[in-house]
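Each residue of the sequence shown is one higher than the one before, counting from 323 in the numbering used here. Backbone N, C-alpha and C fix where the C-beta goes; we use that ideal spot for every residue, glycine too. Reading through the structure tokens given below for one structure.
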Amino acid sequence: MNARRRTVLTAGAAALATGCGSSGDGDSDGSTAPASASGTGRTPEASGTSGTPTGELTRTSDVPVGGGTIFKDRKVVVTQPEAGEFKAFSAVCTHAGCIVASVSDGTINCACHGSKFSITDAAVEAGPATRPLPPEQITVEGDGIRLG
């Protein structure tokens, strides 16, 4: 009986650990271009991904205008509200600490409880979150975007 209980508890803990940061929608990269934009809103899976020089978070072309790109491993989301205007925010939802799951229709979206944040200033557009996503410092040099 104890071994069975331990197995059930272990399986439950594993499901909880993997479920909190998952969007559950099958979108492994967590970003999308706005509905009106063409393209896929491609997301590099980690910094230093092929196609970006060492130290770069991403390329400007990887962040769709009117949308954004989530870097789950770095816990940051980079948005481009207007062409050539890049913003960065923490990807950790201020409601329950989940990593945001997508960017679409002008908002950064958390799949855990439905909070939505503006791509312009990370203000709460829909709760239950009551605080905006904290800003992150980025530097845009040429085609590259770096943290800091």
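Assuming residue i and residue j are in contact, meaning their beta carbons sit under 8 Å apart, how far apart are those beta carbons, in whole angstroms?
i	j	result
Ile-421	Ala-410	With a Cβ gap of about 15 Å, Ile-421 and Ala-410 do not count as contacting.
Ile-441	Thr-429	6 Å
Ala-445	Pro-454	5 Å
Gly-470	Gln-459	6 Å
Ala-405	Val-387	5 Å
Determine whether the beta carbon atoms of residue i and residue j lie at a separation below 9 Å.
i	j	result
Arg-468	Glu-378	yes
Ala-433	Ala-423	yes
Ser-426	Gly-389	yes
Thr-416	Gln-402	no
Where DSSP assigns a beta bridge to residue i, which residues make up the other side?
i	result
Glu-404	Glu-407
Ile-441	According to DSSP, which records beta bridges pairwise, Ile-441 is partnered with nothing at all.
Gly-389	Gln-402
Arg-468	Thr-461
Val-269	Outside the displayed range of the chain (323 to 470) lies residue 269, so it cannot be described from this structure.
Ser-412	Val-398
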